[in-house]
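Colleague: Going by the numbering used here, the sequence shown opens with residue 7, and the numbers climb by one from there. We put the CB at the ideal spot given by N, CA and C, even for glycine. I'd like to ask some things about the structure below.
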Amino acid sequence: MPVVFVDTEDRVEETPSAAETNDDEVWLDDGSVTLVAQGIGFRVYKGILAKQSSVLTDLFGKAQEGRTGQEDLVVHLPDSSRDWRHVLRVCMSHNVTLRLRDATPMQTPSAEEVFAYVRLGRKYKIEAIYEQAMEYLKSYFNPDYNHFYQQDIWTPPRFRYVDAIGVVNIARLTSDEPLRLMALLVCCLTDSTELLTGIAYSDGEVETLSPEDLALCWVARPKLSTARLRSILRIVTPLLASPCASRKEGFGCRDAAQCIMGELHTNATFLEPGNPFMGFNGSEIEELLVTLCERCRASTAARHSKQHRAAWNDLPALMGMPCPEWKMVDIDG
Ligand SMILES: [Zn+2]
Numbered sequence: 007m008p009v010v011f012v013d014t015e016d017r018v019e020e021t022p023s024a025a026e027t028n029d030d031e032v033w034l035d036d037g038s039v040t041l042v043a044q045g046i047g048f049r050v051y052k053g054i055l056a057k058q059s060s061v062l063t064d065l066f067g068k069a070q071e072g073r074t075g076q077e078d079l080v081v082h083l084p085d086s087s088r089d090w091r092h093v094l095r096v097c098m099s100h101n102v103t104l105r106l107r108d109a110t111p112m113q114t115p116s117a118e119e120v121f122a123y124v125r126l127g128r129k130y131k132i133e134a135i136y137e138q139a140m141e142y143l144k145s146y147f148n149p150d151y152n153h154f155y156q157q158d159i160w161t162p163p164r165f166r167y168v169d170a171i172g173v174v175n176i177a178r179l180t181s182d183e184p185l186r187l188m189a190l191l192v193c194c195l196t197d198s199t200e201l202l203t204g205i206a207y208s209d210g211e212v213e214t215l216s217p218e219d220l221a222l223c224w225v226a227r228p229k230l231s232t233a234r235l236r237s238i239l240r241i242v243t244p245l246l247a248s249p250c251a252s253r254k255e256g257f258g259c260r261d262a263a264q265c266i267m268g269e270l271h272t273n274a275t276f277l278e279p280g281n282p283f284m285g286f287n288g289s290e291i292e293e294l295l296v297t298l299c300e301r302c303r304a305s306t307a308a309r310h311s312k313q314h315r316a317a318w319n320d321l322p323a324l325m326g327m328p329c330p331e332w333k334m335v336d337i338d339g
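This is how it looks when you write it as structure tokens:
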């Protein structure tokens, strides 16, 4: 039965039990401690873990108290065994690298791995892992306009838009409101029904948005679409009055503008729910804009930039989420 949860700190293991099974992967025969999570035992080297986590050092010390003889040191942890497998895999490797940089897209970590690094890294103060993973998330869900505008993709290579659910919950966990706002924006761009039902991890556990965050997305989605359409119209409609000749012979800027309006009617991409920051890249509209005279092209580009900047400043209001830390930009660039 899947368990719905928001963050790992909610978990409480009431009656610790012995390991029912040894993990197939993280089990070192000559290990010095067995960590047990959800009935799965991980046999690892105590010294290596203690070096990386002050919290585990304390737990090992407590487990050691009053212990006599040669029995195995066993420490029960009230967390997901899936999360611990991901974290221990990294902690037990020779160098703590999360494959976040200098990796091909398929070598980068999955959302499930990154979330495990953040949750357990934070809770057990495994700083090398926690800091790298947070920096990685923030480099994509980045609340800096210039960075955001320059990036080609909005999520790490192996994330889907709906995986932003986990980022929203991490932002709540770390009280990072700009990060939550960016992640909620990405949640609004998915048409996956998992936004409502939650994302399922490899062990069947499901993570959902909190009812409050789901309600924000529900209200924001149509507002974002309206904002996008309004911004496109503000960019294009002044061209309809252009008296000038375009660079294409016998085809005025006004004619190009009419074709663009036609494209807006027929191209479903521009009518779908979504992103107020979407440009015209790769569309018929981009090709039509190239045919404009130099003056119209410059004025269109200026309106485009202004609309994007205005939408950025409006984002907290559009998402219905006041965010005093939000960094506004100068509308005129
Ligand atoms: Zn013109």
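Just how far apart, CA to CA, sit D219 and L190?
Modeller: Taking the straight line from one Cα to the other gives about 8 Å.
Colleague: Look at the alpha carbon of R164 and the alpha carbon of Y123, and state the distance between them as a whole number of angstroms.
Modeller: Their Cα atoms are separated by approximately 15 Å.
Colleague: By DSSP, does W33 sit in helix, in strand, or in coil?
Modeller: W33 falls in the strand class under three-state DSSP.
Colleague: So, helix, strand or coil for F276, using DSSP?
Modeller: Helix.
Colleague: In whole angstroms, what is the alpha-carbon distance linking S145 and L295?
Modeller: If I take the Cα positions, the gap works out to 31 Å.
Colleague: Give the single residue among A206, D182 and I171 whose Cα lies nearest to the Cα of L195.
Modeller: Of the listed residues, the one whose Cα sits closest to L195 is I171.
Colleague: Does the beta-carbon of C265, which I'm using as the reference point, lie nearer than 7 Å to any heavy atom of ligand 1?
Modeller: Answer for C265: no, Cβ out of range of ligand 1.
Colleague: Take the Cβ of V9 as the centre, count every other Cβ of all protein chains shown within 10 Å, and call the residue buried at 16 or more, exposed below.
Modeller: Confidence in V9 is poor, its pLDDT being 39 and thus under 50, which makes the residue's placement unreliable; the coordinate value appears in the next sentence. Counting Cβ neighbours within 10 Å, V9 comes out exposed, since fewer than 16 surround it.
Colleague: To the nearest whole angstrom, what separates the beta carbons of W332 and L126, a pair I think is in contact under 8 Å?
Modeller: Going by Cβ atoms, the distance from W332 to L126 rounds to 30 Å, so no, they are not a contact pair.
Colleague: Roughly how many angstroms separate the alpha carbons of F11 and E213, rounded to a whole number?
Modeller: Legend: pLDDT at F11 = 41, less than 50; position of this residue unreliable, value from coordinates given subsequently. Taking the straight line from one Cα to the other gives about 6 Å.
Colleague: Hey, which unbroken runs of the beta strand (DSSP E) at 3 residues or more fall wholly within the region 104-181?
Modeller: None, since the region 104-181 contains no complete beta strand (DSSP E) of that length.
Colleague: What's the gap between the Cα of L201 and the Cα of Y207?
Modeller: About 14 Å.
Colleague: For I337, does the three-state DSSP call read helix, strand or coil?
Modeller: Coil at I337, not helix or strand.
Colleague: Compute every distance between the C-beta of S252 and the non-hydrogen atoms of ligand 1, then say whether any falls below 7 Å.
Modeller: Because some heavy atom of ligand 1 lies under 7 Å away, the Cβ of S252 counts as near it: yes.
Colleague: At the level of alpha carbons, what is the spacing between Q156 and L324?
Modeller: When rounded, the distance between both Cα atoms is 22 Å.
Colleague: Does the count of Cβ pairs from the region 240-256 and the region 289-307 closer than 8 Å reach three?
Modeller: With the cut-off at 8 Å, the region 240-256 and the region 289-307 touch.
Colleague: Where does L62 land, buried or exposed, given buried means 16+ other C-beta within 10 angstroms?
Modeller: Flag for L62 reads buried.
Colleague: Nearest by alpha-carbon distance to L235: which of T275, A262 and I205 is it?
Modeller: Comparing Cα-Cα distances from L235 to each of T275, A262 and I205, the minimum goes to T275.
Colleague: Judging by CA-CA distance, which residue of K57, I159, D85 and G326 is the nearest neighbour of G45?
Modeller: Nearest C-alpha to G45: D85.
Colleague: Rounded to whole angstroms, what is the Cα-Cα separation between N273 and M98?
Modeller: Roughly 52 Å between the two C-alpha positions.
Colleague: Mark N175 as exposed unless 16 or more other C-beta atoms lie within 10 angstroms of its C-beta, in which case mark it buried.
Modeller: Per the 10 Å Cβ criterion, buried.
Colleague: So A226 packs on G326, CB below 8 Å; how close in whole Å?
Modeller: At roughly 6 Å, the Cβ-Cβ gap stays under 8 Å, so A226 and G326 are in contact.
Colleague: By the DSSP assignment, the alpha helix (DSSP H) with L321 in it spans what residues?
Modeller: Looking at the DSSP string, the run of the alpha helix (DSSP H) that includes L321 is E300 to L324.
Colleague: Excluding the 5 residues preceding and the 5 following I337 in the sequence, name in chain order all residues of the same chain whose CB lies nearer than 8 Å to its CB.
Modeller: Cβ neighbours of I337 beyond the five flanking positions: K312, R315, A316 and N319.
Colleague: For S87, which option in A177, A25 and A263 has the closest C-alpha, if you only look at C-alpha atoms?
Modeller: The candidate whose alpha carbon is nearest that of S87 is A25.
Colleague: Nearest to E211 by CA position, among E71, E118 and I291, is which residue?
Modeller: Answer by Cα proximity: E118.
Colleague: For the alpha helix (DSSP H) holding T297, just list the boundary residues, first then last.
Modeller: Run containing T297: none; DSSP gives neither H nor E here.
Colleague: Can you give me the Cβ contacts of F121 inside the same chain, cut-off strictly under 7 Å, excluding the 5 residues immediately before and after it?
Modeller: Only G172 and I176 meet the Cβ criterion.
Colleague: Tell me the residue span of the beta strand (DSSP E) that contains R49.
Modeller: Counting along the chain, the beta strand (DSSP E) containing R49 begins and ends at I46 to V50.
Colleague: Round the Cβ separation of I135 and V96 to the nearest angstrom and send it over; I've been treating them as touching at under 8 Å.
Modeller: Confirmed, Cβ separation roughly 6 Å.
Colleague: Examine ligand 1 and report whether any of its heavy atoms sits within less than 7 Å of the Cβ of L295.
Modeller: Flag unset: Cβ of L295 not near ligand 1.
Colleague: If I'm right that S59 touches I132 with Cβ under 8 Å, what's the distance once you round it to whole angstroms?
Modeller: Right, their Cβ atoms sit about 5 Å apart.
Colleague: Looking only at its own chain, which residues have a Cβ that is under 8 Å from the Cβ of S237, when we skip the five neighbours before and after it?
Modeller: Taken in chain order, the residues that qualify are P282, Q313, H314, A316 and A317.
Colleague: If you drop the 5 nearest sequence neighbours on each side, which residues of the same chain put their C-beta closer than 7 Å to that of P322?
Modeller: Contacts found: L187, P328, C329 and W332.
Colleague: Determine the DSSP secondary structure at L41, reduced to helix, strand or coil.
Modeller: Strand.
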